[in-house]
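In what follows, a single structure is set out as structure tokens and then discussed.
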Amino acid sequence: MALNALEQQALVEINPSLAKPFRLTDYLRLVRAASVVLFVILWEYFGRQVNPLFLSYPSAIVKACVQLLIAGEFQRQAIGSLGIYAVGLGAALVLGILLGLLMGRYRLVEYLLDPYVYALDATPRVALIPLLLLWFGLGAPAKIAVVFLSGIFPVLMNTFSGVRTVSGGLVDIGRAYGAGEGKIFTKIIVPAALPFIMAGVRLAVGRALIGIITAEMFTAVTGMGALLIRYSSAFATDKFFVPVIFLALLGVILSGAVEALQRRLAPWKETERAL
Numbered sequence: 003m004a005l006n007a008l009e010q011q012a013l014v015e016i017n018p019s020l021a022k023p024f025r026l027t028d029y030l031r032l033v034r035a036a037s038v039v040l041f042v043i044l045w046e047y048f049g050r051q052v053n054p055l056f057l058s059y060p061s062a063i064v065k066a067c068v069q070l071l072i073a074g075e076f077q078r079q080a081i082g083s084l085g086i087y088a089v090g091l092g093a094a095l096v097l098g099i100l101l102g103l104l105m106g107r108y109r110l111v112e113y114l115l116d117p118y119v120y121a122l123d124a125t126p127r128v129a130l131i132p133l134l135l136l137w138f139g140l141g142a143p144a145k146i147a148v149v150f151l152s153g154i155f156p157v158l159m160n161t162f163s164g165v166r167t168v169s170g171g172l173v174d175i176g177r178a179y180g181a182g183e184g185k186i187f188t189k190i191i192v193p194a195a196l197p198f199i200m201a202g203v204r205l206a207v208g209r210a211l212i213g214i215i216t217a218e219m220f221t222a223v224t225g226m227g228a229l230l231i232r233y234s235s236a237f238a239t240d241k242f243f244v245p246v247i248f249l250a251l252l253g254v255i256l257s258g259a260v261e262a263l264q265r266r267l268a269p270w271k272e273t274e275r276a277l
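Numbering (our numbering), first residue to last: 3 to 277.
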């Protein structure tokens with residue numbers, strides 16, 4: 003018979019040997035925080051032993067960050083990059099999910115589009131950047147195109163795979179109860195494919211972030227990529243690490259936000275986890 007929390011606590015007070023043994027897995031967040039603190043401490047110590055031309059350390063990076071924030075340079079470039087990133091990623095997610103749903107649901111659409119989808123997905127986006135710059139110039143449109151191409155295929159392919167895994171029996175049951183194609187899409191196919199879609203969104207977030215930085219490093223005119231080129235060329239390693247750390251934190255935050263959104267939209271998926 004299962005015991006409630008109060009009964010378990012009473013048994014432990016009567017017989018301390020029944021207390022739950024200590025396990026690190028019960029303190030995962032604390033372990034994660036401790037590992038980050040330890041990493042920063044080790045980086046600070048060993049970073050001071052290295053020539054600052056080759057490696058900086060956290061305290062110097064913080065000072066450089068304050069200088070850049072006071073000058074306003076970092077904010078200007080970051081806002082420009084994030085605006086382009088948001089436009090390109092938003093378009094990639096909308097079109098990628100739509101095409102993935104259509105390709106997964108309708109065989110005709112799949113056969114029409116899959117040669118181009120697979121070919122473009124297999125083509126390195128870096129190889130297309132010079133062509134995109136030739137078409138759109140050095141401004142925002144070319145960068146948006148790079149972000150779009152970097153983000154669309156992960157979410158498209160995952161959405162397509164998710165729709166293809168939907169059981170035909172579920173669709174037949176829906177039809178038996180009089181559901182039309184619209185209801186089948188919204189009530190059966192999309193919810194069943196949602197975990198795959200969100201996994202694709204997480205991949206697209208990271209790929210698009212790589213895309214915007216790569217495009218800006220090619221142009222070296224504006225944005226976070228331009229800052230990376232400028233500071234590396236000047237051997238300002240402490241300032242170079244400021245956009246690097248910002249981008250890393252941004253990727254972690256966005257990935258965590260997508261994961262939280264998935265738990266909210268598809269809570270049943272968490273109950274299926276074995277670990």
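Where is the CB? At the ideal position from N, CA and C, for every residue including glycine.
- When secondary structure is reduced to three states using DSSP, residue 53 falls in the coil class, being assigned neither helix nor strand.
- Under the three-state reduction of DSSP, residue 221 is assigned to helix.
- With respect to the 8 Å criterion, residue 145 and residue 218 are classified as neighbours on the basis of their beta carbons.
- About 5 Å separates the beta carbons of residue 237 and residue 55, which is inside the 8 Å limit, making them a contact pair.
- Of the candidates 105, 129, 131, 105 places its Cα closest to the Cα of residue 119.
- Comparing C-alpha distances from residue 147 to each of 32, 216, 67 shows the shortest one belongs to 216.
- Note on geometry: alpha-carbon atoms of residue 240 and residue 71 lie some 14 Å from one another.
- Within the same chain, Cβ atoms closer than 7 Å to the Cβ of residue 244 are found at 63, 66, 67, 70, 76, the five residues on either side in sequence being excluded.
- With respect to residue 173, residue 199 sits apart: the two C-beta atoms are not nearer than 8 Å.
- Linking residue 242 to residue 59 through their CA atoms gives a straight-line distance of about 11 Å.
- Here residue 237 carries a coil assignment [DSSP, helix/strand/coil].
- For residue 60, the enclosing alpha helix (DSSP H) has its first and last residue at 60-73.
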